[in-house]
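K.L.:
Residue numbers (the working numbering): 14 to 131.
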Amino acid sequence: MFHRNSPIKQSPMRDDDIANMMRALGHPVRLEILRIMASQQQGECCCGDVTDSLTLAQSTVSQHIKVLLDVGLIERRPHGTRNRYCIRHDTLAELNSAFGGLLQGLLPLTATKEAEPA
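Here you go:
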């Protein structure tokens, strides 16, 4: 939620969506899952591929994958009897732009506040 007179540029992405995606990215296992997916040659993998790379139960990995799916950071692609998962690069790029824009808008404001005499 931005105030009408805010100098911070409003992103087309909703604040709730940004917050939910950042919350999903706030867990180290989910960050590692994204790294594993990004490192796959085909750009996608199944839950078992991720489980093989981590020291976690498949059910735990599945729960983390579901969180990433629910916020739209990854997508599911049916592949025979299995599902394969891949990163949604468009969504990550949009989040990067929205969050980066928010931070760029906040930094000058906080620097100005710090420079003001108390």
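Glycine included, each C-beta is placed from N, C-alpha and C at the ideal position. A quick note: this is a predicted structure, and the numbers were derived from the prediction, not measured.
Suppose the cutoff is 6 Å on Cβ atoms and the five residues either side in sequence are ignored; what does the same chain contact list for Ser66 look like?
P.N.:
Ile49
K.L.:
Fully enclosed by the segment 42 to 73, which alpha helix (DSSP H) runs are 4 residues long or longer?
P.N.:
With a minimum length of 4 residues, the continuous alpha helix (DSSP H) runs that stay inside the segment 42 to 73 are 60 to 66.
K.L.:
Within a Cβ cutoff of 6 Å, which residues of the same chain sit near Arg97, ignoring the five residues on either side of it in sequence?
P.N.:
If we look at Arg97 and ignore the five residues flanking it on each side, its Cβ neighbours are Glu57, Cys59 and Arg90.
K.L.:
Near Val80, which residues of its chain fall below 6 Å by C-beta distance, leaving aside the five closest residues on each side in sequence?
P.N.:
Beyond the five residues adjoining it in sequence on each side, Val80 comes within less than 6 Å, by CB distance, of Ala37 in the same chain, given in chain order.
K.L.:
Less than 8 Å between the beta carbons of Arg101 and Ile87, yes or no?
P.N.:
yes
K.L.:
In its own chain, which residues sit with a C-beta less than 7 Å from the C-beta of Asp83, not counting the 5 before and 5 after it?
P.N.:
Correct list: empty, nothing qualifies.
K.L.:
Could you compute how far the alpha carbon of Phe112 sits from the alpha carbon of Ile31?
P.N.:
C-alpha separation (whole angstroms): 7 Å.
K.L.:
Leaving out five residues on either side along the sequence, give the residues of the same chain with a beta carbon under 6 Å from the beta carbon of Leu159.
P.N.:
The chain is shown only over 14 to 131; residue 159 falls outside these bounds and no answer can be derived.
K.L.:
Since Gln71 and Gly61 should fall inside the 8 Å C-beta cutoff, what is the C-beta to C-beta distance between them, to a whole number of angstroms?
P.N.:
About 7 Å separates the two Cβ atoms, so the contact holds.
K.L.:
Check each candidate in Leu119, Ala51 and Val42 and name the one with the smallest Cα separation from Cys99.
P.N.:
Ala51
K.L.:
As a quick exercise: from Gln117, Thr94 and Gly85, pick the residue whose alpha carbon is nearest that of Arg47.
P.N.:
A quick correction: the sequence has Leu, not Arg, at residue 47. Among Gln117, Thr94 and Gly85, the Cα nearest to that of Leu47 is on Gly85.
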